[in-house]
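The structure appears below as structure tokens.
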Amino acid sequence: MKIIILLCLNFNFAFADRENYKIYTEDFQPPLNMLKNEKVTGLGTELLIELLKRANFSYNITVLPWARAMIQVQNEENSILYSVARTPEREDLYKWVGPIIKNRWVFIARNDFKQKITTLDQVKKYIVGGYISDGFTNFLLHNGFKRGENLDIAFNQRNNILKLEKKRIDLLAIGEIQGKWLAKQMHISNIHSVFSVKEIKIFIAFNKKTSDLVINNLNSILLKMKTEKGVTDIYKKYGAEQNIN
533 MKIIILLCLN FNFAFADREN YKIYTEDFQP PLNMLKNEKV TGLGTELLIE LLKRANFSYN
593 ITVLPWARAM IQVQNEENSI LYSVARTPER EDLYKWVGPI IKNRWVFIAR NDFKQKITTL
653 DQVKKYIVGG YISDGFTNFL LHNGFKRGEN LDIAFNQRNN ILKLEKKRID LLAIGEIQGK
713 WLAKQMHISN IHSVFSVKEI KIFIAFNKKT SDLVINNLNS ILLKMKTEKG VTDIYKKYGA
773 EQNIN
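For the sequence shown, this note's numbering begins at 533 and goes up steadily by one.
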């Protein structure tokens, strides 16, 4: 009788964990997640869909402004947010699966910017473009940058690239991967990286009430995925490096 009861409990627990997951992301964080022909695509999207498929989870994807998406996943059970820089400020807000990719926080400038920058404090002399609720932008706010003074915050990085080109900002704070992708897609060649702040890792974030069993299982599946050619091809498709742990 005890064995039967335990089996039933395990079955019910497994069934509950396979409820539909609600995925939230933003529409413009290329090449990780972006809208193309009204469909969400990108490196992070393809990896997440493959991961959930292997775990036999159903899902639906909703595109929201980034700040709203972050709050939604903090408050809604069985919800997922991607692609997310795992920072100390965010550590306790979610449970984490990944990393899926490495990135670098860099400042980029126009080619006519000749000043040499070696410290973060030196950057404070210039007008820097940031992105609302972005991990890098929040890092700058926590390190003495002030919105409206030396930090100009936009709603997306495409606007920031245009601001940089038109000399409305001096520097742009952006992930190196996104910066290169945007410059290529927007046919902008007169910009370059002038200072690298730190390396970060990008994860998939789950609501805190997600069971550790689910998180551990998904991390195991993801680890195996990274060794397979089909997944390697996804990274190559977006010009991204796969050597992450």
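Note that beta-carbon positions come from the ideal geometry of N, C-alpha and C, so glycine has one too.
Where residue i falls: helix, strand or coil (DSSP)
{"i": "Arg586", "result": "helix"}
{"i": "Asn749", "result": "helix"}
{"i": "Lys648", "result": "coil"}
{"i": "Ala601", "result": "helix"}
{"i": "Asn670", "result": "helix"}
{"i": "Met532", "result": "Because the chain is modelled from 533 through 777, residue 532 falls outside the range shown and cannot be assessed."}
{"i": "Asn594", "result": "Asn is not the amino acid found at residue 594; the sequence shown has Thr there. Strand, per DSSP."}
{"i": "Gln689", "result": "helix"}
{"i": "Asn607", "result": "helix"}
{"i": "Thr577", "result": "helix"}
{"i": "Gln774", "result": "coil"}
{"i": "Gly711", "result": "helix"}
{"i": "Lys698", "result": "coil"}
{"i": "Lys741", "result": "coil"}
{"i": "Lys821", "result": "With the chain covering only 533 through 777, there is no way to say anything about residue 821."}
{"i": "Lys756", "result": "helix"}
Residue i: first and last residue of the uninterrupted beta strand (DSSP E) it sits in
{"i": "Glu731", "result": "723-738"}
{"i": "Leu613", "result": "611-617"}
{"i": "Ala705", "result": "703-707"}
{"i": "Ile555", "result": "553-557"}
{"i": "Tyr663", "result": "660-663"}
Reference residue i, options the options, closest by Cα
{"i": "Tyr594", "options": "Ile709, Asp559, Leu625", "result": "Note that residue 594 corresponds to Thr in the displayed sequence, not to Tyr. Here the closest residue by C-alpha is Asp559."}
{"i": "Asn552", "options": "Ile736, Glu570, Ser611, Gly630", "result": "Ser611"}
{"i": "Gly680", "options": "Gly667, Gly661, Glu697, Phe671", "result": "Gly661"}
{"i": "Ile706", "options": "Lys761, Ala686, Asn722", "result": "Ala686"}
{"i": "His772", "options": "Arg622, Gln604, Trp713", "result": "A small fix is needed here, since residue 772 is Ala in this sequence, not His. Measuring from the Cα of Ala772, the nearest candidate turns out to be Trp713."}
{"i": "Ser748", "options": "Leu683, Lys627, Glu578", "result": "The sequence as given places Asn at residue 748; Ser does not occur at that position. Among Leu683, Lys627, Glu578, the Cα nearest to that of Asn748 is on Lys627."}
{"i": "Ser615", "options": "Asn565, Gln717, Glu760", "result": "Asn565"}
{"i": "Arg642", "options": "Gly711, Ser665, Leu672, Gln561", "result": "Gly711"}
{"i": "Glu697", "options": "Gly676, Pro562, Asp624, Ile640", "result": "Ile640"}
{"i": "Lys656", "options": "Asn682, Leu750, Ile732, Val605", "result": "Asn682"}
{"i": "Pro508", "options": "Val572, Glu760, Ile732, Gln561", "result": "Outside the modelled stretch of the chain, which goes from 533 to 777, sits residue 508, for which no answer is possible."}
{"i": "Asn522", "options": "Asp702, Pro562, Leu755, Thr764", "result": "There is no way to answer for residue 522, as the model of the chain reaches only from 533 to 777."}
{"i": "Ala617", "options": "Ile581, Thr557, Thr759", "result": "Thr557"}
{"i": "Pro597", "options": "Arg700, Leu567, Glu708", "result": "Leu567"}
{"i": "Tyr658", "options": "Lys678, Leu613, Asn588", "result": "Lys678"}
{"i": "Ser721", "options": "Lys740, Leu745, Leu694, Arg700", "result": "Leu694"}
{"i": "Ala599", "options": "Tyr767, Thr669, Ile753", "result": "Thr669"}
Residue i: CB within 7 Å of a non-hydrogen atom of the ligand ATP
{"i": "Glu608", "result": "Inclusion of the ligand ATP in the displayed structure is not the case, the ligand content being empty and no account of it being possible."}
Residue range of the unbroken alpha helix (DSSP H) whose run includes residue i
{"i": "Asp684", "result": "Element bounds for Asp684: not the alpha helix (DSSP H) but the beta strand (DSSP E), 683-686."}
{"i": "Ile632", "result": "Where Ile632 is concerned, there is no enclosing alpha helix (DSSP H), although the beta strand (DSSP E) it sits in stretches over 627-642."}
{"i": "Lys568", "result": "Per DSSP, Lys568 belongs to no alpha helix (DSSP H); it is in the beta strand (DSSP E), 565-568."}
{"i": "Ile766", "result": "761-769"}
Residue i at chain B interface by Cβ criterion, 8 Å
{"i": "Ile720", "result": "Protein chain content of the structure displayed is limited to a single chain, and chain B is not contained in it."}
At a cut of 8 Å, does the segment 729-739 reach the segment 617-631 through at least three beta carbon pairs? Touching, per the Cβ criterion.
Report yes or no: do the segment 649-664 and the segment 725-732 share at least 3 C-beta pairs separated by less than 8 Å? Output reads yes: the segment 725-732 touches the segment 649-664.
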